[in-house]
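Asker:
2 protein chains.
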Amino acid sequence: MSEDKELLPGTCEPLEAEPNDEQPELAHPADAAEHIEGLDIEDQVTFIKQLPLEDAAESIAEMDARDQALLMRRLSLGLGARIIEQMFPDDATDLLNNLDEDLRRTLLSKLKAEDRAELKTLLTFDPDTAGGVMNTEVVVLDQDLTVDQAIAKMRGEVEDKEIPYYAYLVNEDKVLVGVISLRDLLVARRGTCLKELIKSQNLIFVTYNEDKEEVARLISHYNFLALPVVDFGRRLLGVVTVDDVIDIIHEEASEDMQAMVGAGLDETADSPWLYSVRKRLPWLVLNVANSAVSAWVVHLFEGNIAQMAILAVLMPIVANQAGNTGQQALAIMIRQLATERFDRKRSWMAVLREAKIGLLSGVLIATLVFLVVMAVSGIPILAMVMALALGLDMLLGALAGASIPLVLRALGRDPAQASSIFLTTITDSMGFFLLLGLAQLILL
Amino acid sequence: MSEDKELLPGTCEPLEAEPNDEQPELAHPADAAEHIEGLDIEDQVTFIKQLPLEDAAESIAEMDARDQALLMRRLSLGLGARIIEQMFPDDATDLLNNLDEDLRRTLLSKLKAEDRAELKTLLTFDPDTAGGVMNTEVVVLDQDLTVDQAIAKMRGEVEDKEIPYYAYLVNEDKVLVGVISLRDLLVARRGTCLKELIKSQNLIFVTYNEDKEEVARLISHYNFLALPVVDFGRRLLGVVTVDDVIDIIHEEASEDMQAMVGAGLDETADSPWLYSVRKRLPWLVLNVANSAVSAWVVHLFEGNIAQMAILAVLMPIVANQAGNTGQQALAIMIRQLATERFDRKRSWMAVLREAKIGLLSGVLIATLVFLVVMAVSGIPILAMVMALALGLDMLLGALAGASIPLVLRALGRDPAQASSIFLTTITDSMGFFLLLGLAQLILL
Chain A
9 MSEDKELLPG TCEPLEAEPN DEQPELAHPA DAAEHIEGLD IEDQVTFIKQ
59 LPLEDAAESI AEMDARDQAL LMRRLSLGLG ARIIEQMFPD DATDLLNNLD
109 EDLRRTLLSK LKAEDRAELK TLLTFDPDTA GGVMNTEVVV LDQDLTVDQA
159 IAKMRGEVED KEIPYYAYLV NEDKVLVGVI SLRDLLVARR GTCLKELIKS
209 QNLIFVTYNE DKEEVARLIS HYNFLALPVV DFGRRLLGVV TVDDVIDIIH
259 EEASEDMQAM VGAGLDETAD SPWLYSVRKR LPWLVLNVAN SAVSAWVVHL
309 FEGNIAQMAI LAVLMPIVAN QAGNTGQQAL AIMIRQLATE RFDRKRSWMA
359 VLREAKIGLL SGVLIATLVF LVVMAVSGIP ILAMVMALAL GLDMLLGALA
409 GASIPLVLRA LGRDPAQASS IFLTTITDSM GFFLLLGLAQ LILL
Chain B
9 MSEDKELLPG TCEPLEAEPN DEQPELAHPA DAAEHIEGLD IEDQVTFIKQ
59 LPLEDAAESI AEMDARDQAL LMRRLSLGLG ARIIEQMFPD DATDLLNNLD
109 EDLRRTLLSK LKAEDRAELK TLLTFDPDTA GGVMNTEVVV LDQDLTVDQA
159 IAKMRGEVED KEIPYYAYLV NEDKVLVGVI SLRDLLVARR GTCLKELIKS
209 QNLIFVTYNE DKEEVARLIS HYNFLALPVV DFGRRLLGVV TVDDVIDIIH
259 EEASEDMQAM VGAGLDETAD SPWLYSVRKR LPWLVLNVAN SAVSAWVVHL
309 FEGNIAQMAI LAVLMPIVAN QAGNTGQQAL AIMIRQLATE RFDRKRSWMA
359 VLREAKIGLL SGVLIATLVF LVVMAVSGIP ILAMVMALAL GLDMLLGALA
409 GASIPLVLRA LGRDPAQASS IFLTTITDSM GFFLLLGLAQ LILL
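In order, the protein sequences belong to chains A and B. For what it's worth, our numbering labels the leading residue of the first sequence as 9, then goes sequentially. For what it's worth, our numbering labels the leading residue of the second sequence as 9, then goes sequentially.
So this is what it looks like as structure tokens:
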């Protein structure tokens, strides 16, 4: 750019190197939150107290649920309430949901009446639904405005809103009729009426009771930045934004992996260890009960083992191999159910597909194991029994791995919940039954 | 709104119920893509041929990689090239990356010179890096523009760009100096100079060689809608947008769960089944090798089992229980590594935490199992051996589950890869060794 001082009005003057006397900007709230989480609780309080209210609110909103709750318990009620008033309503709702009943009630009573009313409404929504994760501060425009009127209105309103890249159009009954992006506004002819712009629009929205994971699926599917949430009369209540959806997707992936093996859905490497013990122990007890089933199967054939101890040597190979085959099917199915809707027909196709995979892998691995057992033991009939048990159990493992998530879903449970534990029970007990039973029939 | 026909200029006329003679809008491209994927390949070609080029491009961009490649192989080269020219460059690059070398080269040669040059550059970036997932069609503004000049410029440019909610400011050397959102532009005073707006901005960007999962982590961390990608001279190359990040996060979660058990990273319930067999078989063979280790341990104690077959009955309980404990630790660690950076100190803290969990759960479950074995067998010393082996193996399982992902990462491998298989080897073989070894020392 020119260094010339003679500039036309409305163009940029070259900047002088002037001393910057503004307050230096706080690091991004997400970084501030990480910084705060690393401090002792006393220092956290001191740090928050010296921040401007708005920065304090933004930083606390970014903290982990557990740290958030600990900190809020130590702040004075007055300061806590002021901070909550500064938050976006969805963040404030999350925060309040993380607090003890008592503290929540007291803090609510200290809020300005208007904020209190709004948050009380938001707290009535189930936190796992669209209503529970939505943001209520949206730009709403009358569909009868023109583009330039709309731009002027947005200019006035946008400052306090978290989601300024879409505006929502409603009719005189407050019914949602369309969505318009800033981009569309910018490129539209100035005099155009908004309702002309949305004429052929294929409007996509959810009701407030929709599962939040379905909301995440819709936003990922359509590549939206936000999705409107309505009541049963299609009146606009708020929007779910893409950044919340990212959190939902992360959460869901962690839940799936952790549910599969019976860890707590919300455990992280920072959870207090006794909390983790409490969450995991019931599933470990279930696992004892389940492996008792396998042990009982082995017990049925105790005599065979006493006669031929090599059977005990081969037992772990059969069980393990079928278990692994099943877990591969399990992993594919759980992720599939997490990312797509899956109707009855596709479910069956997927089970069939895993059965084919299990069958072919079973034949191949059984052949390999046959050769190895043959080479090591020199007993062809033992190698044959082993290979047969292994191949059949792998097929069973594949079928079980593909079916368990579908069965759990059909029962209205989380498709991942303890699935790995159920799978192991099947592959272990059937593996032992096949190996020891076939040995009894053929060998002994 | 009023039904009055006398309107002020620039306000909205009430709409007449006029016949809508525009072409009815195609369903959203994501839905069109799903529709296309459900058709036979011949019908897919027919359907694409009758769509306007732009709609065809958008729909194909939304298809699965595999279906995309099958379809492109059946379209005429001319049509294929026209469709690619209509795509956003990042989608076109993904598409080309999915094709055979030959078809890719031929299609590239049919493109307009300008598009060809751009795509060839994009194809040089590793698809797993920021450069490989970035979009190059961004709005770039000179930092010396004023707000109203910027708005005018954006109005002219925004139509073809996928990401119109941020504009990127560069200096005279094309070096990235700031980011500005449409929202900031809308609320700023008209005459303000852009560089005034970004003065204290904490600019966050990545270089093109940054891992795409790190890009996803940054965008989730800061709740950005897009992140700029620069070269080593901080010149702007493009941006990664939040919708691509959602895909990366989904992909990463699937990869983790599938890698853990040795399924293919990119397998879905729609992958051809033989492809899945090919991906999984090597890990199943590794698993045979691993369970041969456990079998060998059992073999060492074959004599003990022949003497006391009840040991074979108890074997699966020990192995299974420690395996499940280890998998719980594994799941927590894999998800932790997926969502956060994790330094050496926190890694050790996490291992220590899992050790404590394993120890306490081990003591509790061992006590339970002691009582049950005591009740069933009536042999206190057997129950004691069993409980001891179980408790120790559970502690080992927890340590192994927490450490394996860290070790894999330190070796430069995917922290999830086959981790469940390695874990089972440890818990099985150590479980058998402890049970049968302690039995030999104490019982026999």
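Cβ atoms here follow ideal geometry from the backbone N, Cα and C, with glycine treated the same way.
Which bits of chain B does A/Pro97 rub up against, with CB to CB less than 8 Å?
Answerer: Under the 8 Å cutoff, chain B gives no residues; its nearest Cβ is about 16 Å from A/Pro97.
Asker: Closest to A/Leu177 by C-alpha separation, out of A/Leu149, A/Pro236 and A/Leu308, would be which residue?
Answerer: A/Leu149
Asker: In chain B, which residues lie with their C-beta within 7 Å of the C-beta of A/Lys364?
Answerer: Chain B residues near A/Lys364: Trp281.
Asker: Just verifying my parser: in three-state terms, what is the DSSP assignment at B/Ile206?
Answerer: coil
Asker: Output needed in chain order: residues of the segment 184-196 of chain B with a Cβ under 7 Å from some Cβ in chain A.
Answerer: Leu190, Arg191, Leu194 and Val195
Asker: For A/Thr114, which of A/Asp98, A/Asp99, A/Arg90 and A/Gln94 has the nearest alpha-carbon?
Answerer: Nearest to A/Thr114 by C-alpha distance, out of A/Asp98, A/Asp99, A/Arg90 and A/Gln94, is A/Arg90.
Asker: Residue ranges of each alpha helix (DSSP H) run of no fewer than 4 residues wholly in the segment 155-238 of chain A, ordered along the chain?
Answerer: 155-165, 190-195, 202-205 and 220-230
Asker: Does the beta-carbon of A/Gly331 have 16 or more other beta-carbons within 10 angstroms, so that it is buried, or is it exposed?
Answerer: That one is buried.
Asker: Report the residue from B/Ala65, B/Leu61, B/Met71 and B/Glu62 whose alpha carbon sits nearest the alpha carbon of B/His43.
Answerer: B/Met71
Asker: Are the segment 420-435 of chain B and the segment 376-389 of chain B touching by the rule of at least three beta carbon pairs closer than 8 Å?
Answerer: no
Asker: If I measure Cβ to Cβ from B/Leu61 and keep anything under 8 Å in the same chain, skipping five residues before and after, which residues do I get?
Answerer: Arg90, Ile91 and Gln94
Asker: Does any residue of chain A bring its CB to less than 8 Å from the CB of B/Met341?
Answerer: yes
Asker: Since I believe A/His258 is in contact with B/Ile254 (beta carbons under 8 Å), could you give me their beta-carbon distance rounded to a whole number of angstroms?
Answerer: Their Cβ separation, rounded to whole angstroms, is 10 Å, which puts B/Ile254 and A/His258 out of contact at 8 Å.
Asker: Exposed or buried, which one is A/Asp219 when buried takes at least 16 other CB atoms within 10 Å?
Answerer: Exposed is the call here.
Asker: Within the continuous beta strand (DSSP E) that includes B/Val147, where are the two ends?
Answerer: Val147 to Asp150
Asker: With DSSP run on the structure shown, which of helix, strand or coil describes B/Arg354?
Answerer: helix
Asker: Determine the direct distance from the alpha carbon of B/Arg197 to that of B/Arg81, and round the result to whole angstroms.
Answerer: 53 Å
Asker: For chain B, check one thing: does any of its Cβ atoms lie closer than 8 Å to the Cβ of A/Phe321?
Answerer: The residue asked about is misnamed: residue 321 of chain A is Val in this sequence, not Phe. So yes, A/Val321 belongs to the interface.
Asker: According to the Cβ coordinates, are A/Gly186 and A/Ile206 closer than 8 Å?
Answerer: yes
Asker: Considering only residues of the same chain and omitting the five flanking positions on each side of A/Asn179, which have a CB-CB separation below 7 Å?
Answerer: Gln151 and Val185
Asker: By Cβ distance below 8 Å, which residues in the same chain neighbour A/Leu127 in space, the five residues on each side in sequence not counted?
Answerer: Ile92, Pro97, Ala100, Thr101, Leu104, Leu116 and Leu119
Asker: Evaluate A/Phe133 with the Cβ neighbour count: other Cβ atoms within 10 Å of its Cβ, from every protein chain shown; 16 or more gives buried, anything less gives exposed.
Answerer: buried
Asker: Between A/Thr435 and chain B, is any beta-carbon pair separated by less than 8 Å?
Answerer: Nearest CB-CB separation between A/Thr435 and chain B: not below the 8 Å threshold.
Asker: Within its chain, find whatever has a CB closer than 7 Å to the CB of B/Gly46; leave out the 5 residues flanking it on each side and keep chain order.
Answerer: none
Asker: So is A/Glu310 in contact with chain B if we call contact Cβ pairs under 8 Å?
Answerer: Yes, because at least one Cβ of chain B sits closer than 8 Å to the Cβ of A/Glu310.
Asker: Would you kindly work out how many angstroms separate the C-alpha atoms of A/Gln266 and B/Ile342, rounded to a whole number?
Answerer: 10 Å
Asker: Using the rule of at least 16 other Cβ atoms within 10 Å of the residue's Cβ for burial, across every protein chain shown, is A/Pro324 buried or exposed?
Answerer: buried
Asker: Can at least three beta-carbon pairs, one atom from the segment 276-287 of chain A and one from the segment 269-289 of chain B, be found at a separation below 8 Å?
Answerer: Inter-segment contact for the segment 276-287 of chain A and the segment 269-289 of chain B is absent: fewer than three beta-carbon pairs are separated by less than 8 Å.
Asker: Can you list, in chain order, the residues of its chain with a C-beta nearer than 7 Å to that of A/Ser284? Leave out the 5 residues immediately preceding and following it.
Answerer: Gly272 and Glu275
Asker: For chain B, find out if any of its Cβ atoms is closer than 8 Å to the Cβ of A/Ala89; answer yes or no.
Answerer: no
Asker: Where does the unbroken alpha helix (DSSP H) through B/Leu244 begin, and where does it stop?
Answerer: That residue, B/Leu244, is in no alpha helix (DSSP H); its beta strand (DSSP E) goes Leu244 to Thr249.
Asker: Tell me, please, whether the segment 369-384 of chain B touches the segment 285-305 of chain A by the rule of three or more beta-carbon pairs shorter than 8 Å.
Answerer: yes
Asker: Can you give me the start and stop residues for the alpha helix (DSSP H) that A/Asn298 sits inside?
Answerer: Trp281 to Leu308
Asker: Do you know whose CA, among A/Leu245, A/Ser355, A/Leu431 and A/Ala77, lies nearest A/Leu404's CA?
Answerer: Selected option, being the one with the closest Cα: A/Leu431.
Asker: Can you tell me the Cα-Cα spacing of A/Phe309 and B/Ile412, whole angstroms?
Answerer: 36 Å
Asker: Taking contact to mean 3 or more Cβ pairs, one atom from each stretch, closer than 8 Å, check whether the segment 297-305 of chain B and the segment 436-447 of chain B are in contact.
Answerer: yes
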